[in-house]
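Everything below concerns the one structure shown next.
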Amino acid sequence: MAIDIYLSEEKIQNRIQELAEKINKDYAGKELHIIGVLNGAFMFTADLVRHLNMPVTLEFMSASSYGDGTVSSGELKINLDIKSDIRDKHVLIVEDIVDTGLTLTVLRKNLMERGPASLKLASFLFKPARLEHKVEIDYLAFEIEDHFVIGYGLDYAGRYRELPYVGIFHPEKES
Ligand code: 5GP
């Protein structure tokens, strides 16, 4: 078997409920506009919003970063943009994983320029060992060690996104 289970479905679902309770408290009495980042965050976004109890609007966006790895030259390539105007809205970005932090740094800057009332970040995973660009994660489900993980939205060559758990992938063991 090329996949070792790292975070079980039960552990993930319990943690998401805890995160949602915190978000419910923080945004009580407010409306929240959620931006899920495709493709990786589709499952986390879907599970998280099911536990929210404030009025929610939801869109998805797809973006990647490129450049030579420094913040100043990090460019954002938007593959799919949101359609709505987020000016004066409370916005929560929902991401799958913060690895080097480059994608989130440039995405956050792009969205800030659109004038939201507030902009926070929820990330399913965070790999501190690989961080190069400091990103403040307001709601983090799990901090993980430096493994290449798949499942629960995350892929290897386009596969395994559908798994309800997170696994460590060993491509050399794949038959
Ligand atoms: P960053 O700009 O933070 O380095 O890149 C984050 C992106 O890299 C994530 O949105 C994800 O698509 C990809 N990524 C980083 N680490 C992993 C990993 O362990 N597994 C998978 N499947 N994708 C990863």
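Residue 152 in the working numbering is what sits at position 159 of the sequence shown, and the numbering runs on without skipping anything.
A virtual CB, placed ideally from N, CA and C, is assigned to each residue, including glycine.
Everything numeric in this text was worked out from a predicted model, so none of it was measured.
**Message:** Which residue marks the beginning of the alpha helix (DSSP H) containing residue 40, and which one marks its end?
**Reply:** For residue 40, the enclosing alpha helix (DSSP H) has its first and last residue at 35 to 42.
**Request:** Measure from the alpha carbon of residue 57 to the alpha carbon of each residue in 100, 86, 146, then state which is nearest.
**Result:** 100
**Prompt:** Does ligand 1 have even one heavy atom less than 7 Å from the beta-carbon of residue 145?
**Reply:** no
**Request:** Taking 8 Å as the threshold, find out whether the region 17 to 32 comes into contact with the region -3 to 4 through three or more Cβ pairs.
**Result:** The region 17 to 32 vs the region -3 to 4: no contact.
**Asked** Starting from residue 134 and walking both ways along the beta strand (DSSP E), at which residues does that stretch end?
**Response** 132 to 136
**Request:** Determine the closest residue to residue 251 out of 135, 134, 5, 88, with distance taken between C-alpha atoms.
**Result:** Examination of residue 251 is not possible in this model, given that the chain is present from -6 through 168 alone.
**Request:** Return the Cβ separation of residue 114 and residue 131 in integer angstroms, given the expectation that the two are a contact with Cβ distance under 8 Å.
**Result:** Between residue 114 and residue 131, the beta carbon gap of about 5 Å places them in contact (Cβ cut-off 8 Å).
**Prompt:** Excluding five sequence neighbours on each side, which residues of the same chain lie with their C-beta closer than 6 Å to the C-beta of residue 52?
**Reply:** 28, 75
**Item:** Cβ neighbour criterion (16 or more within 10 Å) applied to residue 40
**Value:** buried
**Item:** CB of residue 108 within 8 Å of CB of residue 139, strictly
**Value:** no
**Message:** Bridge partners for residue 50 per DSSP, in chain order?
**Reply:** 26
**Message:** Report the start-end ranges of each alpha helix (DSSP H) in the region 63 to 130 that is 4 residues or longer and not cut off at the edges.
**Reply:** 95 to 105
**Prompt:** Can you name the start and end residues of the beta strand (DSSP E) that residue 0 belongs to?
**Reply:** -4 to 0
**Request:** Specify the secondary structure class of residue 147 as computed by DSSP and reduced to three states.
**Result:** It is a strand residue.
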